[in-house]
Amino acid sequence: MIGAGGMARGARALLSCAIAVFCAAAAAQFEPSPVLERIRSAGEIRIGVKTDFPPFGMLDSGGRPIGFEVDLARRLAEEMGVEAVPVGVSTENRFQRLEQGAVDLIIATAADTAERRQLATVIEPNYYGGGVGVFLRPGIFHDDWKALRGVELCALQGSYFNKPIMQRYLVKLQMYRSVRDAQLALRDGRCTGFLYTDVAIQQYLKDPQWTGYTAPLPSALIIPWAISIPRSEAGTEFERVVGDIVAQWHREGTLIELEAAWDIQPNRFLQDANRLWNERKADGGWLCERDAAGQWPAACRNAAFVTSADVGGLEGIGLWVRETFGMDFSFIYDPFDRERYLVGILWTLVLCASTIVASLAFAFGGAAMIFARIPLLSRLVAALGNFGRMTPVLLQMYLVFFWLSSLAWSSLGVSVPPVLIAIACLALYHGSIITFAFLDAAEHLQHSRPDFRFTPDHLPELLGAASVGVRNTLTNLVKSSSIASAIAVPELLSATIAIIADRGNVFLMMNALLVVFYLMTAFWIHVFGRFERRLQRAGLA
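Count the sequence shown with mature numbering (1 follows the signal peptide of the UniProt record, and there is no 0) and you get residues -27 to -1, 1 to 514, in order.
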């Protein structure tokens, strides 16, 4: 009879065999790795880490590397069953050390970019995500990246964001070889600010030695970070082993735990990755698991490097256009951009339809009151109409949004939605213009038709008489709807600007905006034209 201990030992042996079979099957999909064989035979792995980037990598009082990424290096080695040998690298030399064979792998705050993928084999999934900010000297304040045009900033040689920031915001950069040198230059006043990763800047703000320094700019160029191995190791078992370990870190929340342990501000990339890598398919399997060829699904990869061959449908078409013609219409292939672009179009259509109805209602009601010549009331309504049509609609929005709306919040605790403010101001402006068009038409009708009365029953007749002025005003209303983006209404122009800020594809997105607005304006002109033709057939226009 077999005892409980024997059964437990048998179960463990069976489980070990199953794991070994699974690993062998997975490894068979990849080429043998000379680097991995050397690591296993030596019993150690040399991992390049930063030592000038607290809390991700730094030196303790004894000169030993510590930090978030150093802990990752040790955990990686532990998962591989070998000892970790941390080797200090810098922003400037980390990929050189990897190529020279001085290290087997780097975990060194390296952003996953196309240029980096030409230097090394990048491991997917990525393990972190960060952007770029500016650490400004005391007494200097900029809350918009555009305000940095012509400003001189300190920067590090080899940073992925130097070139795009210079091109996008026209800043001037002084290049330094180390963080220490750049910080000294900043302290000595040689530059206005230090262009660096946002996660590092957040740590500087906690340091008493940097009291008075600020970082008011929002993060830009947010890009995932990746572990890298030598170029020659692409498609090898080494790439698979490291990728599987990082995937498991995301599933188990290891990276989020380490982030908290090092008092790093919670990172949206890690939270999203943790949810993604714990999603399951309808059959109960992981959404993110390797296919028969050993590749991760497109949804679980860095979207910047997914190609048209990896996906189908609209996403595949958009990527094919980008790859073939170099045209980055991200709202076609990127689900997030596509959603906010379509939502922007929907908001614009709703805004136009609502404002058209509100404008006509205001115009008819206002014209009826003025036409009735009611003492005082008619004069007040006429004065409001003159104010509405003679005051720029953008100024009206600012007055209501920043003054009346703020007053309502501070006095009554009532928050007025920006979209209602936009509809009210657009309706006041265009409705006021239509009001006086209705009055002119009403006077003409009264001369030719003594029985004409300003009642809802006569509205079609009134619209027919004023059709040209009303059509032109409502057409202008459709084109003016983009002004609503100035008060944070998420319409099409707002969505376009948001995509440009993320992608930098100004020319393409502005031309797409032009085409979409042309089509929407043509749609409303067609609607107005059909309505006018119906009035003509009825003999009212």
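The beta-carbon is built from N, C-alpha and C at its ideal position, and this holds for glycine as well.
Residue i in three-state terms, based on DSSP
i: R253; result: strand
i: W198; result: strand
i: Q69; result: helix
i: W259; result: strand
i: E42; result: helix
i: F427; result: coil
i: A277; result: helix
i: R346; result: coil
i: L143; result: coil
i: A84; result: strand
i: T328; result: helix
i: T209; result: strand
i: F26; result: strand
i: I174; result: helix
i: R507; result: helix
i: Y402; result: helix
i: A75; result: coil
i: A193; result: strand
i: Q238; result: coil
i: P390; result: coil
i: R48; result: helix
i: R89; result: helix
Proximity to residue i [Cα-Cα], best of the options
i: F304; options: F298, I290 and T297; result: I290
i: V443; options: V479, D430, H431 and F501; result: F501
i: L447; options: F425, P433, H499 and L412; result: H499
i: residue 519; options: Y133, V152 and D116; result: The structure shown does not extend to residue 519, since the chain spans only -27 to 514, so no value can be given for it.
i: R311; options: A255, E288 and F374; result: E288
i: A15; options: M53, R48 and E212; result: M53
i: D307; options: F278, S332, T297 and A326; result: F278
i: P391; options: R352, E464, R503 and V124; result: E464
i: C164; options: I200, F108 and R346; result: F108
i: C273; options: C261, G61, V284 and Y177; result: C261
i: residue 519; options: K179, R67, A120 and V389; result: This structure cannot speak to residue 519, because the chain is shown only from -27 to 514.
i: G317; options: S458, E505 and L190; result: S458
i: residue 515; options: D283, V43 and E88; result: Only positions -27 to 514 of the chain appear in the structure, and residue 515 is not among them; the question remains open.
i: A46; options: S63, E17 and G36; result: E17
i: A120; options: P191, W183 and F425; result: P191
i: T170; options: A50, W222, A83 and G74; result: A83
i: M300; options: L71, F114, A485 and G103; result: A485
i: I396; options: G386, L367, S384 and V387; result: L367
i: V62; options: A50, E56 and P38; result: P38
i: L49; options: Y100, L146 and I218; result: I218
i: G112; options: Q268, W118, I96 and Y186; result: Y186
Residue i, buried or exposed, once every other Cβ within 10 Å from all chains shown has been counted against 16
i: K23; result: buried
i: M370; result: buried
i: residue 528; result: Within the shown structure, residues of the chain are numbered from -27 to 514, placing residue 528 beyond reach of any answer.
i: W497; result: buried
i: H417; result: exposed
i: F309; result: exposed
i: V215; result: buried
i: P197; result: buried
i: V60; result: buried
i: G437; result: buried
i: S34; result: exposed
i: A(-3); result: Residue placement at A(-3) is poorly supported in this model, since its pLDDT is 48, which falls under 50; the coordinates are not used for a value here.
i: L157; result: exposed
i: W376; result: exposed
i: T297; result: exposed
i: P5; result: exposed
i: G285; result: exposed
i: A173; result: buried
i: R295; result: buried
i: R507; result: exposed
Which residues DSSP lists as bridging residue i, in chain order
i: Y169; result: G106
i: M363; result: Note: M363 sits in no beta bridge, so no partner.
i: T94; result: I202
i: Y149; result: L129
i: M31; result: I39
i: T187; result: L109
i: I18; result: A57
i: V215; result: In the DSSP output, where bridge partners are listed per residue, V215 has none listed.
i: V62; result: K23
i: E4; result: T209
i: Y101; result: W198
Residue i: CB within 7 Å of a non-hydrogen atom of the ligand NAD
i: V215; result: Ligands are entirely absent from the displayed structure, and the ligand NAD is therefore not among its contents.
- Query: What alpha helix (DSSP H) runs, 4 residues minimum, are completely inside the stretch 295 to 322?
  - Reply: 303 to 306
- Query: Can you list the alpha helix (DSSP H) stretches of 4 or more residues lying completely in the stretch 440 to 479, in chain order?
  - Reply: 440 to 453 and 465 to 476
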